[in-house]
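The sequence shown begins at 13 in our numbering and counts up one residue at a time. See below for the structure under consideration.
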Amino acid sequence: EIARDKKLFSQSFSRGLPQGQLAEIGAAPNRRGTAVTFCPDPEIFGANPKFRPATLYRMARSKAYLFAGVEIRWKCAPELLDGDQEVPEEGTLHYPGGLADFLEDATRDKGLLISTPFAAQVELDDQKFEWAITWLNGGEDGFFHSYCNTVPTPSGGTHETGFRQAITRALRSFGDLAGNRKAADITADDVFAGTAVMLSVFLRDPQFQGQTKDRLVSGDATKLTEQAARDRFEQWLSADAARANFLLDAAIERAEDRKRRKKEREVARKSATRRLRLPGKLADCTSNDTEMTELFLVEGDSAGGSAKQARDRKTQAVLPLRGKILNVASASTEKLGANQELSDLSLALGVRAGKDFRLDDLRYGRVIIMTDADVDGAHIAALLMTYFYREMPTLIEAGRLYLAQPPLFRMTQGAKTLYALDDVQREELARTGFNARGKIEISRFKGLGEMPPAQLKETTMNANTRRLLRVELPRRDASGADARRGVDQLVSTLMGKKAELRFGYIRDHAEDVLADLDV
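Following this line, the structure appears as C-alpha cells:
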C-alpha cells in the first residue's frame with residue numbers, strides 16, 4: 013500500500029510479477045509512506061515456514077541506524093519469541109544520528125577510553141561513507157560491524173581494510189608530526205585492539221565474495237574508504253591534541269607489548285624445537301620469527317622432494333603427507349587419535365588439536381596447503397580444510413590457513429613461457445598472451461612432483477610471484493552467527509557420514525559446476 017497526496021493505492025505481486033495495475037483504494041488524509049505485507053510462498057518455502065524473530069529484529073535495527081532518521085515500529089507475537097530476552101514484543105527503532113547513535117547505544121554499559129567517538133559521513137563521487145568508532149577500556153570486548161549498501165559483511169572486506177588503513181596511517185602521521193618516533197612501529201592491530209566500530213558504505217557496483225555476500229571484494233573500496241576517512245580523522249586528531257596523544261600512547265603501549273610477546277615466542281620456539289620430537293620427514297626452516305615462517309603441506313614424497321628444493325630454507329618448511337588424510341568429519345575419536353599423518357601434522361605445527369589448541373604455540377605464521385591442481389588435489393585440500401575446521405578453527409579465524417595456487421598448464425612460444433591455473437585462463441592466455449602467428453606448445457602438469465623445482469618456486473612458492481587464497485570463516489559474533497551455522501551444515505553435508513545428504517547436495521547443485529568438472 014502507498015499513501016500519497018492524501019490517497020491510498022495498492023498493488024499485489026507474486027514471484028516478482030504484478031498481479032494487476034496500481035489501483036486507488038481509498039483516502040489517506042493523514043498518512044504518507046509505503047506499507048509492504050508479504051507471505052512466504054508455500055511451494056518454495058514449504059507448508060509451515062517459520063521466521064527467526066532474532067534475525068528479523070537485527071535486520072530491522074540495522075536498517076534503522078543505516079538510514080538515519082527512519083523510524084521502525086517493531087511488533088512480534090509473544091509465542092514466537094521462545095524466551096529470547098534480547099528481542100522485545102514491541103518497540104520503536106529510531107536513530108536520528110545514524111551509526112553514532114547506535115554506537116552510543118551499543119557501548120552504553122562499557123567503559124570508554126574517550127568520551128566522544130569519531131563519527132562522520134562523507135560523499136565521494138556520488139558514493140557514501142559513514143562510520144563511528146570509539147575505544148574501550150582494557151579487557152572490554154570490541155566489535156567491528158560493517159555494511160555495504162545495507163548488506164551486512166560479517167567477514168569484512170576491502171571497505172574494512174581501507175578504514176583500518178585510514179585510522180592507522182593518520183595516527184602514525186600525527187605521531188610523526190609530534191616527533192614521537194615510536195609511532196612508526198604501530199600496526200592496525202595495535203590501533204584497533206579494543207575498539208567498537210560501525211562502518212557503512214554505499215557503492216555503485218559492489219562486488220561480493222560468494223552467494224552469501226558476507227565479504228566485500230570491490231578493489232576500489234579500499235582506496236575510496238581510506239580517502240574518505242583519513243582526512244577527517246587527521247582533522248579530528250588535530251582538534252584535540254591531548255586526546256590524540258592519549259590514543260597514540262595506548263597504541264604504542266600495545267605495539268611494545270606485541271613486540272615483547274613476539275620475542276618471548278621466539279625464545280619459546282627455540283626451546284620447544286629442541287624438546288619436540290619433530291616428524292622425520294619435516295624439512296624445517298631455520299628462522300625463529302614465527303610471523304615470517306610458513307609450513308607447506310604437500311601430497312606425497314615426490315611433490316615433497318620438489319618443494320624442499322624450491323623452498324626458501326630460512327622461512328619455508330615442508331611437510332609431505334602420505335596420500336589422502338583421514339576424513340575427520342566421519343571418523344571416530346579413536347581413529348583420529350591413532351592416525352599417524354595427523355599426529356605428525358600436529359607435532360610439526362607445535363600445537364594440540366581440539367579444545368587444547370593454543371594459537372600462541374603455533375610454530376609458523378602461515379600454514380599453506382599445496383596440492384596438485386586437479387580433482388585429487390582438491391579432494392586432499394578439502395580433507396585438510398575439514399581437519400583444520402573441526403580440530404583447529406582458531407587457526408583459520410586468525411587468518412593463518414592458505415591454499416597455494418599451482419598452475420595446471422605450461423604454455424610456451426619460443427622463449428616466452430606462461431602458466432595457467434585452469435582451462436579458462438589457458439584459453440585467455442592463448443588469445444592475449446602470445447603472438448597470434450606462432451605455435452603455442454601446451455603441456456599439462458600431472459602433479460607437483462613432475463614440475464622442476466625452479467618452476468615450482470617461481471609459480472607457487474616464491475612470495476613475490478605466487479598467488480595464495482586465504483581460508484576464512486564468518487565471525488562468531490551476532491552478525492556472523494547464521495553464516496557460521498551455514499558453514500557447519502555445509503561441512504557436515506559434504507564431509508559427514510550420511511551419503512544421502514551428499515547425493516542431495518550434488519543433485520541440487522550439479523548444474524552450477526558442470527563447466528568446471530575435470531573429467
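Positions of the beta carbon are idealized from the N, C-alpha and C atoms, including for glycine. Computed from a predicted structure; not experimentally measured.
- L371 is classed as exposed because its beta carbon has fewer than 16 other beta carbons within 10 Å across all chains shown.
- Residue environment for A511: exposed (fewer than 16 other C-beta atoms within 10 angstroms of its C-beta).
- DSSP places P54 in the uninterrupted alpha helix (DSSP H) bounded by P54 to F57.
- Contact between the region 98 to 106 and the region 62 to 73 is established, with three or more Cβ pairs separated by less than 8 Å.
- In this structure, the alpha-carbon of A495 lies about 10 Å from that of K225.
- DSSP lists T207 as the beta-bridge partner residues of W147.
- In the three-state scheme derived from DSSP, where H, G and I count as helix and E and B as strand, R73 is classed as helix.
- Take I84, set aside five residues on each side of it, and the residues of its chain with a beta-carbon closer than 6 Å to its own are A72, A76 and L105, in chain order.
- Bounds of any beta strand (DSSP E) do not take in P291, whose DSSP letter is neither H nor E.
- The Cβ neighbour count for F245, taken over all protein chains shown within 10 Å, is at least 16; the residue is labelled buried.
- If you compare the alpha carbons of G222, M473, Q352 and Q31 with that of P166, the shortest gap goes to G222.
- Shown here for F186: same chain residues with a beta carbon closer than 8 Å to its own, the five before and five after excluded, namely A195, E246, L249, S250, A256 and L260 in chain order.
- The beta carbon of R43 sits closer than 8 Å to those of A15 and L20, all from its chain and outside the five residues before and after it, given in chain order.
- According to the DSSP assignment, K18 belongs to no beta strand (DSSP E), since it is labelled neither H nor E.
- Approximately 4 Å separates the beta-carbon atoms of A178 and E238; this is inside 8 Å, confirming the contact.
- If you check the CB distance, R375 and L307 come in under 9 Å.
- DSSP, reduced to helix, strand and coil, places I198 outside both helices and strands of the structure shown, so it counts as coil.
- DSSP places F258 in the helix class (H, G or I) of the three-state scheme.
- Between F130 and A144, the C-beta gap is smaller than 9 Å, which places the two residues in contact.
- Judged by DSSP secondary structure, S314 falls within the alpha helix (DSSP H) whose first and last residues are G312 to A322.
- For V229, the closest of G168, G206 and I37 by C-alpha to C-alpha distance is G168.
- When C-alpha distances from R325 are compared across E453, M473, G459 and T383, the shortest belongs to M473.
- Membership of Y107 in any alpha helix (DSSP H) is not indicated, and neither H nor E is assigned to it by DSSP.
- Where Q425 is concerned, the enclosing beta strand (DSSP E) starts and stops at F421 to Q425.
- Within the region 413 to 489, the runs of beta strand (DSSP E) at least 3 residues long that lie entirely inside it are, in chain order, 413 to 416, 421 to 425, 428 to 432, 453 to 456 and 480 to 482.
- About 7 Å separates the CB atoms of M404 and V363; that is less than 8 Å, so the two are in contact.
- Contact between L357 and L331 holds: their C-beta atoms lie close to 7 Å from each other, under 8 Å.
- In this model, T327 and A416 are separated by some 16 Å (Cα to Cα).
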